[in-house]
């Protein structure tokens, strides 16, 4: 499973989100590759799922094939874990 | 090595608004030549343009912008606003300004910051620290 963590600049927030997703995957016992990138580059990646802020979900809708999972607070493990569980249910 | 220099930390009780908080939080990096005024403007513009995803956890925001010429050296600064300030509907009490010259050199620091932030107790303890020395101690031990 390939997951993108997306923010505006690909330098700070998406890196933090990537770490939180990795921790959430571990917690539910799943493997997955997580890559962080910017909102402008997100569409050029092949991915199964994209995690990003609710504000960016609208930007990406219709432009990407990957399923979109909004996350409000990127280092909130409970919130991210909830979306990871939803993703596993929907994609696998 | 210290993640954030003590002279780059500030603790205040209140501030008017989040724009002033970002100015205040970034002031030590500006003073020491890590960033220019442009970078501070870019951090604020980013919130207008991209929304509030820099609010990474309850009470915590990581103001930053794209790596650019406006960043002269990699650095972090910290501001605690004890009574909190509104950032578009979020009550923020801890700001850490990230200044990065590129997207790779800060990786390790950010990875360990991510771990630190996932434990809500850590944010709580920094916000309620009595002094900069105490914050430094918390960061040294747990970040």
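Chains as they are written, first to last, in the working numbering: chain A, 161 to 252; chain B, 65 to 207.
Even glycine gets a Cβ: it sits at the ideal position worked out from N, Cα and C.
Bear in mind that the values here come from a model prediction, so they are computed numbers and not experimental data.
Look at residue 186(A): its C-beta is not under 9 Å from any C-beta on chain B. Of all alpha-carbon atoms in 237(A), 228(A), 238(A), the one lying nearest the alpha-carbon of residue 250(A) is that of 228(A).
Taking all protein chains in view, the Cβ of residue 72(B) is crowded by 16 or more other Cβ atoms within 10 Å, so the residue is classified as buried.
Neighbours of residue 234(A) across chain B, judged by C-beta separation under 7 Å: 117, 120. Looking at the DSSP output, residue 163(A) sits in a beta bridge with 194(A), 209(A).
Under the Cβ distance rule, residue 73(B) does not count among the residues neighbouring chain A, no pair being separated by less than 9 Å. Taking 9 Å as the Cβ-Cβ cut-off, the stretch 204 to 237 of chain A approaches chain B at 212, 213, 214, 215, 216, 231, 232, 233, 234, 235, 236, 237, given in chain order.
For residue 176(A), the chain B residues whose Cβ falls inside 8 Å of its Cβ are 120, 126, 174, 177, 178, 181, in order along the chain. Taking residue 199(B) as reference, the option from 135(B), 120(B), 158(B) with the minimal CA-CA separation is 158(B). Judged by DSSP secondary structure, residue 202(B) falls within the alpha helix (DSSP H) whose first and last residues are 196 to 206. In the three-state reduction of the DSSP assignment, residue 174(A) falls in the helix class.
Residue burial annotation: residue 182(B) is buried, with at least 16 other C-beta atoms found within 10 angstroms of its C-beta. If you look at residue 127(B), you'll find it isn't in any beta strand (DSSP E); DSSP assigns it neither H nor E. Residue 114(B) reaches chain A at 167, 168, 199, 213, 215, 216, counting residues in chain order whose Cβ is nearer than 8 Å. Against chain B, the beta carbon of residue 161(A) has no neighbour under 7 Å; the closest one sits roughly 20 Å away. The beta carbon of residue 191(A) sits closer than 8 Å to the beta carbons of 161, 185 from its chain, once the five residues preceding and following it are set aside; these are given in chain order. Put simply, the CB of residue 195(A) is far from chain B, with every gap to its CB atoms at 9 Å or more. The C-beta of residue 204(A) has fewer than 16 other C-beta atoms within 10 Å across all chains shown, which makes the residue exposed. Selection 69(B), 97(B), 85(B), 188(B) evaluated against residue 76(B) yields 85(B) as nearest (Cα-Cα).
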